[in-house]
Amino acid sequence: MDLWKQKVLLFDLDGTLTDSARGIIRSAQYMQKKMGQDVWTAEALRFLVGPPLRDSFREAFGMKDAEVEQAILYFRERYFSVGLFENAVYDGIVEMLQALQTSGKRLAVATSKHQTTAVRILEHFGLAKYFEVIGGDDPTSSRNTKAKVVAHVLKEMHVAPQDAVMIGDRKYDIEGAHALGVQAVGVLYGYGSAEEFAACGADAVVKTPQDVAELFR
Numbered sequence: 668m669d670l671w672k673q674k675v676l677l678f679d680l681d682g683t684l685t686d687s688a689r690g691i692i693r694s695a696q697y698m699q700k701k702m703g704q705d706v707w708t709a710e711a712l713r714f715l716v717g718p719p720l721r722d723s724f725r726e727a728f729g730m731k732d733a734e735v736e737q738a739i740l741y742f743r744e745r746y747f748s749v750g751l752f753e754n755a756v757y758d759g760i761v762e763m764l765q766a767l768q769t770s771g772k773r774l775a776v777a778t779s780k781h782q783t784t785a786v787r788i789l790e791h792f793g794l795a796k797y798f799e800v801i802g803g804d805d806p807t808s809s810r811n812t813k814a815k816v817v818a819h820v821l822k823e824m825h826v827a828p829q830d831a832v833m834i835g836d837r838k839y840d841i842e843g844a845h846a847l848g849v850q851a852v853g854v855l856y857g858y859g860s861a862e863e864f865a866a867c868g869a870d871a872v873v874k875t876p877q878d879v880a881e882l883f884r
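Residue numbers (this note's numbering): 668 to 884.
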């Protein structure tokens with residue numbers, strides 16, 4: 668099978684469809700203040716955009732499990748009410764999605780973000796209508812890794828791994844897809860880098876949303 672003839676495309680959200688750094692970083696700073704921690708600069712907290720928050724809080728801040736759960740609650744206290752809309756759709760995304768739909772592709776979202784939050788964001792920016800399935804983290808089903816989210820989306824769409832492609836901006840997207848035998852494309856307009864994609868073995872790397880549309884035309 669030609670590598671890029673797959674009919675099902677799964678998109679990450681943060682850093683791939685929208686530039687969500689401001690809301691995530693401000694909500695993390697709010698969490699740090701509530702936890703009595705030193706508040707880091709925005710630049711120092713950019714690493715939080717993309718990966719699962721629990722992993723980042725545990726590794727970067729040295730939190731134990733109970734502290735991580737409290738930190739998540741504080742983060743969401745601000746993020747669910749304000750932070751999720753401190754966000755912007757990348758230039759060219761709407762045109763890319765329209766082109767892919769016109770060419771007959773089936774589109775879905777597979778994000779580490781809380782699923783209900785992802786739906787709210789995509790509906791707010793008028794993007795939800797392009798996606799057959801919007802899958803994310805769900806505390807009732809332990810979808811707490813990218814691989815689990817991708818597996819959930821594939822199941823919902825009744826699609827085999829070899830018939831889908833994951834598109835994202837960080838190594839977590841690539842590695843999560845590869846764990847299931849799904850090919851993965853890295854995008855450079857988000858928060859990742861060419862070096863990161865080379866290290867994790869991305870199957871292709873593109874620079875712009877237009878390049879994504881061209882890859883799958």
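Virtual Cβ for every residue (Gly too), placed ideally from N, Cα, C.
Model, not experiment: these values are computed from the prediction.
Per DSSP, the bridge partner or partners of residue i
{"i": "residue 745", "result": "DSSP, once it has assigned bridges, lists no residue as partnering residue 745."}
{"i": "residue 851", "result": "833"}
{"i": "residue 791", "result": "The partner list for residue 791 (beta bridge, DSSP) is empty, contrary to what the question assumes."}
{"i": "residue 677", "result": "775 and 833"}
{"i": "residue 686", "result": "755"}
{"i": "residue 801", "result": "776"}
Nearest candidate by alpha-carbon position, reference residue i, set the options
{"i": "residue 793", "options": "764, 847, 740 and 825", "result": "764"}
{"i": "residue 900", "options": "830, 807, 773 and 698", "result": "Any property of residue 900 remains undetermined from this structure, which presents the chain solely from 668 to 884."}
{"i": "residue 750", "options": "878, 787 and 876", "result": "787"}
{"i": "residue 755", "options": "779, 782 and 691", "result": "691"}
{"i": "residue 868", "options": "853, 699 and 876", "result": "853"}
{"i": "residue 679", "options": "779, 769, 767 and 735", "result": "779"}
{"i": "residue 663", "options": "830, 818, 842 and 757", "result": "This structure leaves residue 663 out entirely; the chain is present only between 668 and 884."}
{"i": "residue 805", "options": "782, 819 and 704", "result": "782"}
{"i": "residue 701", "options": "685, 737 and 726", "result": "737"}
{"i": "residue 685", "options": "791, 695, 697 and 730", "result": "791"}
{"i": "residue 752", "options": "866, 820 and 681", "result": "681"}
Beta-carbon proximity of residue i to residue j, cut-off 9 Å
{"i": "residue 840", "j": "residue 717", "result": "yes"}
{"i": "residue 727", "j": "residue 714", "result": "yes"}
{"i": "residue 835", "j": "residue 683", "result": "yes"}
{"i": "residue 880", "j": "residue 766", "result": "yes"}
{"i": "residue 816", "j": "residue 829", "result": "no"}
{"i": "residue 863", "j": "residue 837", "result": "yes"}
Expected contact under 8 Å - CB spacing of residue i and residue j to nearest Å
{"i": "residue 789", "j": "residue 800", "result": "No, residue 789 and residue 800 are not in contact; Cβ-Cβ is about 11 Å, not under 8 Å."}
{"i": "residue 884", "j": "residue 770", "result": "6 Å"}
{"i": "residue 833", "j": "residue 846", "result": "Not a contact, Cβ separation roughly 10 Å."}
{"i": "residue 724", "j": "residue 706", "result": "Rounded, the Cβ-Cβ distance is 14 Å, inconsistent with contact."}
{"i": "residue 745", "j": "residue 687", "result": "Between residue 687 and residue 745 the Cβ distance is about 14 Å, and since that is not below 8 Å, they are no contact."}
Chain E contact for residue i (CB, 9 Å cutoff)
{"i": "residue 858", "result": "Chain labels in this structure do not include chain E; a single protein chain is all it has."}
Quiz item: Are three or more beta carbon pairs between the stretch 675-692 and the stretch 821-833 nearer than 8 Å?
Solution: yes
Quiz prompt | the stretch 737-744 in contact with the stretch 852-871 per 3-pair CB rule at 8 Å | solution = no
Quiz item: Between the stretch 807-819 and the stretch 699-713, do at least 3 Cβ pairs fall closer than 8 Å?
Solution: no
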